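A.B. asks: Going down the list, the protein sequences come from chains A and B. Heads up: the first sequence begins at 1 in our numbering, then just goes up one per residue. Heads up: the second sequence begins at 129 in our numbering, then just goes up one per residue. Note that beta-carbon positions come from the ideal geometry of N, C-alpha and C, so glycine has one too. Predicted, not measured: the structure shown is a model, and the values here were computed from it.
Number of protein chains: 2
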Amino acid sequence: MAKEFGVTTRAIRFYEDQGLLTPGREGINRVYSSRDRVRLKLTLRGKRLGFSLGQIKELFDIYDSARGEQAQLSQYLELLAARRAQLEQQREDIEAVLGEIDAFEAQCRSLLAQKARRREAGGPSSAA
Amino acid sequence: MAKEFGVTTRAIRFYEDQGLLTPGREGINRVYSSRDRVRLKLTLRGKRLGFSLGQIKELFDIYDSARGEQAQLSQYLELLAARRAQLEQQREDIEAVLGEIDAFEAQCRSLLAQKARRREAGGPSSAA
DNA sequence: ATGCGCCTTTACGTTTACGTAAAAGTCAAA
DNA sequence: TTTGACTTTTACGTAAACGTAAAGGCGCAT
Numbered sequence: 001m002a003k004e005f006g007v008t009t010r011a012i013r014f015y016e017d018q019g020l021l022t023p024g025r026e027g028i029n030r031v032y033s034s035r036d037r038v039r040l041k042l043t044l045r046g047k048r049l050g051f052s053l054g055q056i057k058e059l060f061d062i063y064d065s066a067r068g069e070q071a072q073l074s075q076y077l078e079l080l081a082a083r084r085a086q087l088e089q090q091r092e093d094i095e096a097v098l099g100e101i102d103a104f105e106a107q108c109r110s111l112l113a114q115k116a117r118r119r120e121a122g123g124p125s126s127a128a
Numbered sequence: 129m130a131k132e133f134g135v136t137t138r139a140i141r142f143y144e145d146q147g148l149l150t151p152g153r154e155g156i157n158r159v160y161s162s163r164d165r166v167r168l169k170l171t172l173r174g175k176r177l178g179f180s181l182g183q184i185k186e187l188f189d190i191y192d193s194a195r196g197e198q199a200q201l202s203q204y205l206e207l208l209a210a211r212r213a214q215l216e217q218q219r220e221d222i223e224a225v226l227g228e229i230d231a232f233e234a235q236c237r238s239l240l241a242q243k244a245r246r247r248e249a250g251g252p253s254s255a256a
């Protein structure tokens with residue numbers, strides 16, 4: 001599974017220690033179910049978004065106990081709302097940074113074009 | 129400035145150590161320019177997106193040496209493209225997670241509604 | 001002069017998320 | 001049966017990003 005997802009076995013076992021994965025055993029060897037594969041995928045996605053393993057586990061735990069009492073359900077809804085807010089903040093941040101990157105790229109390209117024109121006009125000299 | 133941005137002075141000084149901020153001095157005391165304020169804002173935004181301080185510094189350094197040689201400019205464009213790719217991946221991830229949160233929220237709400245109906249119909253008993 | 005509040009530097013401590021051996025068990029091929 | 005490839009557990013090490021004292025300096029109000 002490590003190769004499959006491009007992570008080390010150490011990382012996978014660490015996720016297991018943290019309760020993110022719960023592989024079965026065949027004798028002593030670990031057997032990963034499709035559930036584990038999904039969870040690993042979600043874990044890596046969470047990581048790409050800057051979530052801590054603890055936060056990711058919270059979400060898993062929530063999902064697992066979806067049949068809890070209504071008080072707990074309400075609590076889950078709260079947590080989900082918090083996550084949603086964070087993600088929307090991130091989305092805003094991403095739009096902002098992408099915009100700035102666009103601007104800076106354009107600036108770079110125009111500088112390069114300028115230099116190219118100067119090379120055509122003024123000859124191959126690099127002097128001013 | 130710490131209060132202004134809701135971070136500790138320790139964090140601010142740490143960012144300075146890492147070369148993200150470069151406050152001036154009045155005698156021994158630090159004086160933060162508007163440039164520092166902008167950089168702190170960008171730093172915090174980067175952090176919300178899961179960038180490391182090192183990555184953030186790279187972007188600052190790039191921005192600072194925008195007047196480099198064309199070889200460097202091309203290199204900068206490469207780095208910008210890499211960052212853009214990462215951000216677009218994150219955007220995808222965010223959309224996916226937001227979608228899942230929506231689904232889970234809906235599921236939660238329907239469960240709560242069900243329970244509410246049962247309370248109306250079957251009386252206040254919590255049994256099945 | 002001295003206490004108070006604020007700033008400064010220095011330095012060790014902590015958490016997170018693994019990396020990196022080390023030592024041992026297992027299973028199949030040669 | 002021995003070797004090699006793979007797995008397992010155990011455990012110490014590490015980088016990042018600060019937290020948290022500790023110890024002292026600066027200015028000023030009393």
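So which of B:Arg167, B:Gly227 and B:Thr137 has the shortest CA-CA distance to B:Asp189?
C.D. replies: Checking every option, the nearest Cα to that of B:Asp189 belongs to B:Arg167.
A.B. asks: Given B:Arg141, which residues of its chain have a CB within under 6 Å of its CB, disregarding the five upstream and five downstream residues?
C.D. replies: Cβ-Cβ distances below 6 Å link B:Arg141 to nothing in the same chain once the five nearest sequence neighbours on each side are left out.
A.B. asks: Does the CB of A:Leu98 have a neighbour CB from chain B at under 9 Å?
C.D. replies: yes
A.B. asks: Please decide whether B:Ala256 counts as near chain A, where near means a Cβ-Cβ distance under 9 Å.
C.D. replies: Here the model assigns B:Ala256 a pLDDT of 42, short of 50, so the residue's position is not dependable and the matter cannot be decided.
A.B. asks: If the criterion is Cβ atoms closer than 9 Å, does the pair A:Leu44 and A:Val7 meet it?
C.D. replies: yes
A.B. asks: Between the segment 68–81 of chain A and chain B, which residues of the former have a C-beta closer than 7 Å to a C-beta of the latter?
C.D. replies: Gln70, Leu73, Tyr76, Leu77 and Leu80
A.B. asks: Where B:Arg92 and B:Leu239 are concerned, what is the direct C-alpha to C-alpha distance, given to the nearest angstrom?
C.D. replies: Here chain B comprises residues numbered 129 to 256, so residue 92 of chain B is not present and cannot be evaluated.
A.B. asks: Could you give the uninterrupted runs of the beta strand (DSSP E) lying entirely in the segment 4–55 of chain A, keeping only those of 3 residues or more?
C.D. replies: 24–26 and 29–31
A.B. asks: What's the call for A:Arg25, buried or exposed, on a 16-neighbour Cβ count within 10 Å?
C.D. replies: Flag for A:Arg25 reads exposed.
A.B. asks: Of all Cβ atoms in chain B, is any one closer than 9 Å to the Cβ of A:Gly50?
C.D. replies: yes
A.B. asks: Do you know offhand how far B:Cys236's Cα is from A:Gln89's?
C.D. replies: 23 Å
A.B. asks: For B:Phe232 and chain A, any beta-carbon pair shorter than 9 Å?
C.D. replies: True, the Cβ-Cβ gap to chain A drops below 9 Å.
A.B. asks: Using CA atoms only, rank isn't needed, just tell me which of A:Lys57, A:Lys47, A:Glu95 and A:Asn29 is closest to A:Asp17.
C.D. replies: A:Lys57
A.B. asks: Kindly indicate if chain A contains any beta-carbon less than 9 Å away from that of B:Gly182.
C.D. replies: no
A.B. asks: Scan the segment 145–175 of chain B for residues whose Cβ lies nearer than 9 Å to a Cβ of chain A and list them as they occur along the chain.
C.D. replies: Leu170, Arg173, Gly174 and Lys175
A.B. asks: Among A:Gly46, A:Ser74, A:Ile28 and A:Pro23, which has the Cα closest to the Cα of B:Ala224?
C.D. replies: A:Gly46
A.B. asks: Taking only beta-carbon positions, decide if A:Arg117 is within less than 9 Å of chain B.
C.D. replies: no
A.B. asks: So which residues on chain A does B:Asp192 lean against when the C-beta distance must stay under 9 Å?
C.D. replies: Neighbours of B:Asp192 on chain A: none; closest Cβ ~12 Å, over 9 Å.
A.B. asks: Determine the chain B residues that contact A:Ala94 at a beta-carbon separation under 7 Å, and present them in chain order.
C.D. replies: The sequence as given places Ile at residue 94 of chain A; Ala does not occur at that position. Residues of chain B with a Cβ closer than 7 Å to the Cβ of A:Ile94 are, in chain order, Leu177, Leu215, Gln218 and Arg219.
A.B. asks: Using a Cβ cut-off of 9 Å, pull out every chain B residue sitting near A:Ile12, in sequence order please.
C.D. replies: Under the 9 Å cutoff, chain B gives no residues; its nearest Cβ is about 20 Å from A:Ile12.
A.B. asks: For A:Arg35, is the classification buried or exposed, using 16 other Cβ atoms within 10 angstroms of its Cβ as the cut-off for buried?
C.D. replies: So A:Arg35 counts as exposed.
A.B. asks: Let me know the secondary structure DSSP gives A:Glu69 once reduced to three states.
C.D. replies: coil
A.B. asks: So which of B:Tyr143, B:Ala241 and B:Ala234 has the shortest CA-CA distance to B:Arg165?
C.D. replies: Out of B:Tyr143, B:Ala241 and B:Ala234, the CA that lies nearest to the CA of B:Arg165 is found in B:Tyr143.
A.B. asks: Which term fits B:Ile156, buried or exposed, when burial requires 16 or more other beta carbons within 10 angstroms of its beta carbon?
C.D. replies: exposed
A.B. asks: If we ignore side chains and look at the alpha-carbon of each, how far apart do B:Gln198 and A:Ala116 end up?
C.D. replies: 9 Å
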